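Participant: Residue numbers for the sequence shown follow numbering that gives the first Met the number 0, beginning at 0 and rising by one.
Ideal placement from N, C-alpha and C gives every residue a C-beta, glycine not left out.
Please read these numbers as outputs of a predicted model, since none were measured by experiment.
I am attaching a structure below and will ask some questions about it afterwards.
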Amino acid sequence: MSTPRVVHFLAGAWGPWRIVEIRAVRGAAPRPAARLAMHEGPDPPPSDWALRAVTSHLRYTGRDEVAALAARQER
C-alpha cells in the first residue's frame, strides 16, 4: 500500500457536495453548513468545520468487499 494521506472534508458555502442533514450521534452536532469539499494534504483552506482522516490499509476488509470497492472506484 502507498503512504497514508491526510484528507480533510471541509464544510462551508462551497464544495461539490450538498449537505442535506446534520445530526449528532454523540455530543453536540456541528454547525449547519451548505456544502462539503475534500482536500488532500496537511494545510486545508479555511472552512466552517472540518473532518480529518488518514487513508489506511484495508486489513479489516474481506476479499469480496475489496472487489466491490475496486469496481466502484474512480479512475
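What are the residues that DSSP puts in a beta bridge with L9?
Facilitator: In the sequence shown, residue 9 corresponds to position 10, counting from 1. Paired residues: A36 and A49.
Participant: Leaving out five residues before and five after W16 in sequence, what residues of the same chain have Cβ atoms less than 8 Å from its Cβ?
Facilitator: Taking the sequence shown and counting its residues from 1, one reaches residue 16 at position 17. These residues qualify, in order along the chain: R34, L35 and A36.
Participant: Can you tell me whether L50 is buried or exposed? The criterion is at least 16 other CB atoms within 10 Å of its CB, across all chains shown.
Facilitator: As a working note, residue 50 is residue 51 in the sequence shown. L50 is exposed by the Cβ-count criterion.
Participant: Nearest to V6 by alpha carbon, out of E39, E20 and W13?
Facilitator: Start at 1 with the first residue of the sequence shown, and residue 6 comes out as number 7. Of the candidates E39, E20 and W13, the one whose C-alpha sits nearest the C-alpha of V6 is E39.
Participant: According to the Cβ coordinates, are P31 and W48 closer than 7 Å?
Facilitator: Translated into positions along the sequence shown, residue 31 becomes position 32. Translated into positions along the sequence shown, residue 48 becomes position 49. Taking 7 Å as the Cβ cut-off, P31 and W48 do not qualify as a contacting pair.
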